[in-house]
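Residue numbers (full-length UniProt numbering): 1 to 260.
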């Protein structure tokens, strides 16, 4: 991730030992070429992997988007991407509105999809108004919207909007950048289930129907994050965790992301 570091050992472990097959990265993270080496070392076949990467805002625009996608494929050592995402809604291109740049960029994404270079295309951190504008300006509905999602930030209106349009909602940062792991109520709940706070948060997200992508550079944590399919949270505990939402976003850029 942006500040999360990179661990070759952890990626190989995730693929070989834990059976993880979904790799989520981005040009912004600076590790696409490292992932290529880890994938080769793991021995996992390309067709068995789901590889997601993202277009950074400095590459927005019709021609730039196509070029950036091909460069990411080259860095990752692949001929196609399973999912390519527009990383942020804010474009910051002088002389053009964010909406204009998003539409121009999305038309390139549509072309990449039609050519089969991207098996699916989507967006990240888009709000309802951004998605509504794309609907008016373009032809293909995003297949995915990847947004911050954890007990302290549960944007349910956005989740429901995406579902109404058959847009898969992916949730990143499910552990609230570690803040959820030290919350006394989540710790108490974890003890009841004989699980860890991380497992409680991931299970809660999954039971809410969210495609959940936790991150770690530690093999033992990756293993822990995988062990969430042998239990279910009871309805009252799901509702309790739902009630912890305070719309607390933990991921921000230094410029006004949500305008335009």
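In this text, a Cβ means the ideal position worked out from N, Cα and C, and glycines have one as well.
From a predicted model like this one, the values you see are computed outputs, not experimental measurements.
Residue i - containing beta strand (DSSP E), residue span
{"i": "residue 148", "result": "144 to 148"}
{"i": "residue 52", "result": "50 to 55"}
{"i": "residue 121", "result": "121 to 124"}
{"i": "residue 183", "result": "No beta strand (DSSP E) holds residue 183; DSSP gives it neither H nor E."}
{"i": "residue 22", "result": "22 to 24"}
Residue i: CB within 6 Å of a non-hydrogen atom of the ligand NAP
{"i": "residue 155", "result": "Looking for the ligand NAP in the displayed structure turns up nothing, as the structure carries no ligands at all."}
C-beta atoms of residue i and residue j nearer than 7 Å
{"i": "residue 62", "j": "residue 108", "result": "yes"}
{"i": "residue 272", "j": "residue 146", "result": "The first residue shown for the chain is 1 and the last is 260, placing residue 272 beyond what the model contains."}
{"i": "residue 25", "j": "residue 15", "result": "no"}
{"i": "residue 33", "j": "residue 53", "result": "no"}
{"i": "residue 152", "j": "residue 248", "result": "yes"}
{"i": "residue 205", "j": "residue 171", "result": "yes"}
{"i": "residue 250", "j": "residue 177", "result": "yes"}
{"i": "residue 31", "j": "residue 222", "result": "no"}
{"i": "residue 143", "j": "residue 174", "result": "no"}
{"i": "residue 231", "j": "residue 193", "result": "yes"}
{"i": "residue 110", "j": "residue 140", "result": "yes"}
{"i": "residue 124", "j": "residue 87", "result": "yes"}
Cα-Cα separation between residue i and residue j, rounded to whole angstroms
{"i": "residue 229", "j": "residue 207", "result": "10 Å"}
{"i": "residue 106", "j": "residue 92", "result": "16 Å"}
{"i": "residue 116", "j": "residue 101", "result": "23 Å"}
{"i": "residue 256", "j": "residue 157", "result": "Note on residue 256: pLDDT 40, under 50, position unreliable in the model; the coordinate value appears next. Cα to Cα, residue 256 sits roughly 22 Å from residue 157."}
{"i": "residue 113", "j": "residue 122", "result": "10 Å"}
{"i": "residue 165", "j": "residue 242", "result": "23 Å"}
{"i": "residue 236", "j": "residue 189", "result": "11 Å"}
Per DSSP, cross-strand counterpart(s) of residue i
{"i": "residue 85", "result": "54 and 122"}
{"i": "residue 170", "result": "146 and 211"}
{"i": "residue 90", "result": "According to DSSP, residue 90 bridges with nothing at all."}
{"i": "residue 39", "result": "DSSP, once it has assigned bridges, lists no residue as partnering residue 39."}
{"i": "residue 153", "result": "150"}
7 Å Cβ cutoff, residue i in contact with chain B
{"i": "residue 210", "result": "Although the question refers to chain B, the structure presented lacks it and comprises just one protein chain."}
Distance between beta carbons of residue j and residue i, contact taken as under 8 Å
{"i": "residue 51", "j": "residue 90", "result": "Their Cβ separation, rounded to whole angstroms, is 25 Å, which puts residue 51 and residue 90 out of contact at 8 Å."}
{"i": "residue 180", "j": "residue 155", "result": "In fact, because the Cβ distance is near 16 Å, the residues do not count as touching under 8 Å."}
{"i": "residue 186", "j": "residue 200", "result": "6 Å"}
N- and C-terminal bounds of the alpha helix (DSSP H) containing residue i
{"i": "residue 137", "result": "128 to 137"}
{"i": "residue 222", "result": "219 to 226"}
{"i": "residue 73", "result": "62 to 76"}
{"i": "residue 105", "result": "98 to 114"}
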